[in-house]
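Top line first, the protein sequences correspond to chains Z and H. To convert, note that position 257 of the first sequence is 252 in our numbering; the numbers rise steadily by one, no gaps. To convert, note that position 312 of the second sequence is 307 in our numbering; the numbers rise steadily by one, no gaps. Glycine residues also receive a C-beta, built at the ideal position from the N, C-alpha and C atoms. One structure is given below, encoded as structure tokens.
2 protein chains.
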Amino acid sequence: MSACGYENGLISIDEAIQYILSTPKTLATESILVKNSLSRYLSEAVYSPVNLPSFDQSAVDGYALCSQQTDSKEQVFQLIGEVRAGEESHLALSEGQAIRIFTGGKIPDGTSTVARQEIVKIMDDQNIRIVENLNIGVDIRREGEEVKYGQCLANVGQYMNIGSLAALSMAGVQRVSVYKQAKVAVVVTGDEVAQSQNSLSNAQVFDANGPLLKNWLKQYGIDAHVIHVEDQASAVTALFEGLKSEYDVIITTGGVSVGDYDFVRPCSFDVGFQQVFWKVKQKPGKPLYFAKYEKQQKNCYLLGLPGNPAAVYVCMQVYGKLLLDALQNKREQKSGFKAKITHDLKADHRERFLRMVATFNQSTLEVSALAKQQSHMLSNLMLTDCLVRIPAAKQINAGELVDGLFI
Amino acid sequence: MSACGYENGLISIDEAIQYILSTPKTLATESILVKNSLSRYLSEAVYSPVNLPSFDQSAVDGYALCSQQTDSKEQVFQLIGEVRAGEESHLALSEGQAIRIFTGGKIPDGTSTVARQEIVKIMDDQNIRIVENLNIGVDIRREGEEVKYGQCLANVGQYMNIGSLAALSMAGVQRVSVYKQAKVAVVVTGDEVAQSQNSLSNAQVFDANGPLLKNWLKQYGIDAHVIHVEDQASAVTALFEGLKSEYDVIITTGGVSVGDYDFVRPCSFDVGFQQVFWKVKQKPGKPLYFAKYEKQQKNCYLLGLPGNPAAVYVCMQVYGKLLLDALQNKREQKSGFKAKITHDLKADHRERFLRMVATFNQSTLEVSALAKQQSHMLSNLMLTDCLVRIPAAKQINAGELVDGLFI
């Protein structure tokens, strides 16, 4: 390969990341049902509308007892009724009485402790005997012992994963305020990219970028619109003109390098976009382009990815994720990991994101580069589970620590 | 809490996992479009229908040259035309000639090397000069250098993530054979579980399990049907009778313990299910129940989760995932990780899955337990990013290695 990348004016990966984090204006917020909030970021903190548990309840299937005796072994209780889980009962216990109760059942007034059924002998219809000593207050989940009414359950910026969604549901939170997710259009450029898998000419390639971005965004939680456009300035300009007012983000692939048919940048200028940056000292993805269109109420951001699928894959994991997060006011660089590399790595003049496999050796994370890292090659993605960032112009030795992120 | 868990007949976590992996009969296969194959497992290997690249192509924007001279610096070439990416051209080069070419463009016959445009001076409309020495065959991606026609791209069992989907798309693979995903019904039992967030009686709790499982399955790739059923044997039996012939998997929550209103097990027997196991020496999730209904062409598996949301969460991550994978012929225990625990941990008589936070200290993964681990408590799920398995009856000291899995 040629030694491109020595050009002036290229920014570093860290600078590019800072632009991506700081440029976008946060999207509006909306109120949605908690059960539909998967993959969203909270725009308002959530306070508990209840105590959890919201009443004293049994932790087991057994018997609620009323007894002031500390030595309850062999004590006999008179059975006066039953409380099922979910049942509102007005039964109350007096000394020496018991009520059959089930896990989650509301503790009757007068209860001193609960005996799980494994330590209870049923003598007859009306009497039970306890076969072990039992302290006061055993197997009772107390009202508010986990969460108090009004307590903060989740802060602004909380990511709604399965766990947070379940926890808010449990506290009876019905709706949450979240940042809207970007409306995203994906524009695949390049006459060499076949529009369909059936109509490939001799000089064309199959489209990996369309399916890649469509599914990446689906996993992120966004149903993106994918459009193919021919390499004609008028067509690209007309497309951008229509998209900029309808979408929050346009992600393009191809057409951002220095070729005569690289129309993405000039056509974006034609419709009013301003360049934030173009070209990053990185491999893959050097031609990466980022632009903004900000007009009163309507903003649109254009992330111009290179055409090579590996560059698309890496740039989307690194920059695309940050951009979509930043629009939801999550302006943090993915934390990632440190790992030991298992082999030497020759220096390269550009900073690189290498596709690697991560494994645990005891508690130490180790990473190993896969073969075929060139930007037009994708087949190693079957095995890739992390991207590792290798500084420019630095020989890496086996055992050194490197920075990476899981994908 | 009481010291339940000493019962006889409980199986270990490892035994339960083995039953979950070995019991299910693999689902049928189907052919689907690659672009729709996210989250699926391949049932047939995929061989490349093409070479990749499928023709010799330029790796840069520049000029295809024909020159037998090794010292090309200052050599002048006659420009005879242009080849755009995607264009099928019949232009061919003779000694001393050049053709303008763009990244991905098909290399013309007669080309000896490619000069990237940064090292080319345009003299006039018809002549260019090279300003650096250039070897033979530079910046040409050779046909088949990444993948050869007929080469295996993906094996049986390959998980279709974004990367594998993109790699197959790039090779022009249109359809893949995959295992069907299970049709899943979620049955939330328990009269104490409010059917809606608006109609909570004094003795009821909000439903966390329905939203939890619905969204967990959504993330797995399955659109599950969620049903609430009252604690009445006739209702549960009638429901199971209908579901067993329509669904591959029934996941229930609650009703699998030893209470008088725990109808899941007896009602599953009523409609022909056979118990595979019941009760596991674990915390949370001791009452876990697994049963099968296998009749000629129609199998159905019932995973009876406890009612406590934390047990549901943990059992789904551990056992539910394995069951759904096994139905797609993926019969492996999730690999997980080893990590150093940052603090002491008291022994417990049962083996436990604890909700923890994982962080990297240099390349060493460290885990720390969160507060409020009881099985009816969920609020720590806002922070949880891994489950750590702690052996029974063993005091753990800070710095010891423990096994875990990311969630």
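What residues of chain Z sit near residue i, judged by a beta carbon separation below 9 Å?
i              : result
D343 (chain H) : Result: empty, since nearest Cβ-Cβ is about 16 Å, beyond 9 Å.
I128 (chain H) : As written in the sequence, residue 128 (chain H) is Asn, which differs from the Ile given in the question. By Cβ distance, chain Z contributes nothing, its closest Cβ being about 12 Å from N128 (chain H), past 9 Å.
N294 (chain H) : Result: empty, since nearest Cβ-Cβ is about 27 Å, beyond 9 Å.
Y174 (chain H) : Within chain Z, no residue comes near Y174 (chain H); the closest Cβ sits about 17 Å away, beyond 9 Å.
In chain H, what lies closer than 8 Å to residue i by C-beta?
i              : result
K213 (chain Z) : L33
F348 (chain Z) : What F348 (chain Z) touches in chain H: nothing, since even the nearest Cβ is about 13 Å away.
By how many angstroms is the C-alpha of residue j removed from the C-alpha of residue i?
i               : j              : result
V221 (chain Z)  : D51 (chain H)  : 28 Å
R345 (chain Z)  : I6 (chain Z)   : 11 Å
A180 (chain Z)  : K329 (chain Z) : 24 Å
Y242 (chain H)  : G299 (chain Z) : 45 Å
C147 (chain H)  : A23 (chain H)  : 23 Å
K389 (chain Z)  : D339 (chain Z) : 11 Å
D218 (chain H)  : G105 (chain Z) : 46 Å
L382 (chain Z)  : D186 (chain H) : 49 Å
K116 (chain H)  : F268 (chain Z) : 31 Å
V173 (chain H)  : R35 (chain H)  : 6 Å
A342 (chain H)  : T248 (chain Z) : 55 Å
G216 (chain Z)  : G254 (chain Z) : 34 Å
Q153 (chain H)  : M377 (chain Z) : 8 Å
A(-2) (chain H) : G100 (chain Z) : Because A(-2) (chain H) carries a pLDDT of 38, less than 50, the predicted location of this residue cannot be relied on, and no value is offered for it.
V397 (chain Z)  : G394 (chain H) : 23 Å
R136 (chain Z)  : A306 (chain H) : 16 Å
N392 (chain Z)  : I8 (chain Z)   : 22 Å
P386 (chain H)  : P279 (chain H) : 13 Å
M(-4) (chain H) : Y308 (chain Z) : For M(-4) (chain H), the pLDDT reaches just 35, beneath the cut-off of 50, and the residue's location in the model is therefore unreliable, leaving the point undetermined.
E82 (chain Z)   : S240 (chain H) : 33 Å
G91 (chain Z)   : Q64 (chain Z)  : 9 Å
G0 (chain H)    : A233 (chain H) : Confidence is the limiting factor: at G0 (chain H) the pLDDT is only 39, short of 50, which leaves the residue's position unreliable and the question unanswerable from this model.
L16 (chain H)   : L317 (chain H) : 7 Å
S374 (chain Z)  : E141 (chain H) : 8 Å
L47 (chain H)   : Q199 (chain Z) : 11 Å
S89 (chain Z)   : G57 (chain Z)  : 17 Å
A189 (chain H)  : N204 (chain H) : 11 Å
Y256 (chain H)  : D265 (chain H) : 15 Å
G250 (chain H)  : V231 (chain H) : 10 Å
F272 (chain H)  : Y14 (chain H)  : 8 Å
T98 (chain H)   : S53 (chain H)  : 5 Å
Q291 (chain H)  : S38 (chain H)  : 22 Å
Give the range of the beta strand (DSSP E) segment to which residue i is assigned.
i              : result
T232 (chain H) : T232 (chain H) -> not in any beta strand (DSSP E); alpha helix (DSSP H) instead, spanning A228 to K239.
Y174 (chain H) : R170 to Y174
M118 (chain Z) : V115 to D119
Q73 (chain Z)  : V71 to V78
S26 (chain Z)  : T24 to L28
V181 (chain H) : V179 to V183
Which chain H residues sit within Cβ distance under 9 Å of residue i?
i              : result
E141 (chain Z) : K367, Q369, H371, M372, L373 and S374
F332 (chain Z) : F355, S358 and L360
N197 (chain Z) : S49, F50, E83 and K101
By the criterion of Cβ-Cβ separation under 8 Å, what are the contact partners of residue i in chain Z?
i              : result
K209 (chain H) : K30
Please report the residue range of the alpha helix (DSSP H) in which residue i lies.
i              : result
V259 (chain Z) : V259 to D265
G105 (chain H) : First-last for G105 (chain H): undefined, no H or E at that position.
N156 (chain H) : From DSSP, N156 (chain H) is part of no alpha helix (DSSP H); its letter is neither H nor E.
Y288 (chain Z) : No alpha helix (DSSP H) contains Y288 (chain Z), which is instead part of the beta strand (DSSP E) from Y284 to K290.
N324 (chain Z) : Looking at the DSSP string, N324 (chain Z) is not in any alpha helix (DSSP H), and its letter there is neither H nor E.
A305 (chain Z) : P304 to C310
Quick one: which chain H residues come within Cβ less than 7 Å of residue i?
i              : result
V217 (chain Z) : Looking at the sequence itself, residue 217 (chain Z) is Ile, so the reference to Val does not match. Within 7 Å Cβ-Cβ: nothing; I217 (chain Z) doesn't reach chain H, min ~13 Å.
S26 (chain Z)  : By Cβ distance, chain H contributes nothing, its closest Cβ being about 14 Å from S26 (chain Z), past 7 Å.
Which whole-angstrom value describes the C-beta separation of residue i and residue j, a residue pair presumed to lie in contact below a C-beta threshold of 8 Å?
i              : j              : result
S263 (chain H) : F235 (chain H) : 6 Å
Q270 (chain H) : A286 (chain H) : 5 Å
Q368 (chain H) : K333 (chain Z) : That belief does not hold up - the Cβ atoms of Q368 (chain H) and K333 (chain Z) are roughly 28 Å apart, past 8 Å.
R95 (chain H)  : L129 (chain H) : That belief does not hold up - the Cβ atoms of R95 (chain H) and L129 (chain H) are roughly 16 Å apart, past 8 Å.
S363 (chain H) : T337 (chain H) : 5 Å
I131 (chain Z) : T108 (chain Z) : 5 Å
Report the neighbours of residue i on chain Z: residues whose CB is nearer than 7 Å to its CB, in chain order.
i              : result
Y256 (chain H) : R79 and F97
N392 (chain H) : Here the premise fails: no neighbours, minimum Cβ distance about 14 Å.
R136 (chain H) : H371
Please confirm whether residue i has its beta-carbon closer than 8 Å to some beta-carbon of chain C.
i             : result
D51 (chain Z) : Chain labels in this structure do not include chain C; the protein chains are Z and H.
Would you mind listing the alpha helix (DSSP H) stretches within the region 343 to 398 of chain H that are 4+ residues and don't spill past its ends, in chain order?
none
Could you give the uninterrupted runs of the beta strand (DSSP E) lying entirely in the region 13 to 63 of chain Z, keeping only those of 3 residues or more?
24 to 28 and 57 to 60
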